[in-house]
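In my numbering, the protein residues as written are 342 to 493.
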């Protein structure tokens, strides 16, 4: 560990940046398309899957079941998601996008929120791709740690 990483400052700054970004992005997304960033994440993940149940969705998004349950219930109430019987297991339910859910994703993609434009203008597309790769590696490291803790 280098002296820079022994200090909790970098981890604290990462946490603060994530919290502030989430607040700003949520407010801007709600104004633009009517959903928060986590809700848009749920819609996007469901839209990219053939058939996805709530447990798999929670695992994929690294959220607990109760958070997913509340979000799914809200998105169903907004007519953006629906639960349907699984084609492979009639006892199970899977989540599907409604037309309104698809429209919401399309509107969000067509109109980037101001904070995202500012971040890209500030750092550039290449730096953001590199940063995304590092964040993905950070997620992998944390997943590995969680798996090791479960195995102990």
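The beta carbon of each residue, even a glycine, is placed where N, CA and C say it ideally should be.
Per-residue DSSP class, three states only, for residue 425: For this step, residue 425 is matched to residue 84 along the chain shown. Correct three-state label for residue 425: strand.
Secondary structure, beta strand (DSSP E): runs of 3+ residues fully inside the region 400-485: 422-426 and 434-438
Within 9 Å, strictly: CB atoms of residue 378 and residue 354: To locate residue 378, count along the chain shown from 1; it is residue 37. To locate residue 354, count along the chain shown from 1; it is residue 13. Result no, Cβ atoms of residue 378 and residue 354 do not sit closer than 9 Å.
Nearest-angstrom Cα separation, counted from residue 454 out to residue 421: Here the question's residue 421 lines up with position 80 in the chain shown. Here the question's residue 454 lines up with position 113 in the chain shown. Distance between the alpha carbons of residue 421 and residue 454 is about 20 Å.
Inter-residue spacing [alpha-carbon to alpha-carbon] between residue 383 and residue 437: Numbered from 1 along the chain shown, position 42 holds the residue referred to as residue 383. Numbered from 1 along the chain shown, position 96 holds the residue referred to as residue 437. Rounded to whole angstroms, residue 383 to residue 437 spans 11 Å at the Cα level.
Distance CB(residue 469)-CB(residue 460) smaller than 9 Å: Reading the chain shown from its first residue, position 128 is the one you call residue 469. Reading the chain shown from its first residue, position 119 is the one you call residue 460. The answer is yes: Cβ separation under 9 Å.
Where the alpha helix (DSSP H) through residue 349 begins and ends: For this step, residue 349 is matched to residue 8 along the chain shown. Element bounds for residue 349: n/a, residue is neither H nor E.
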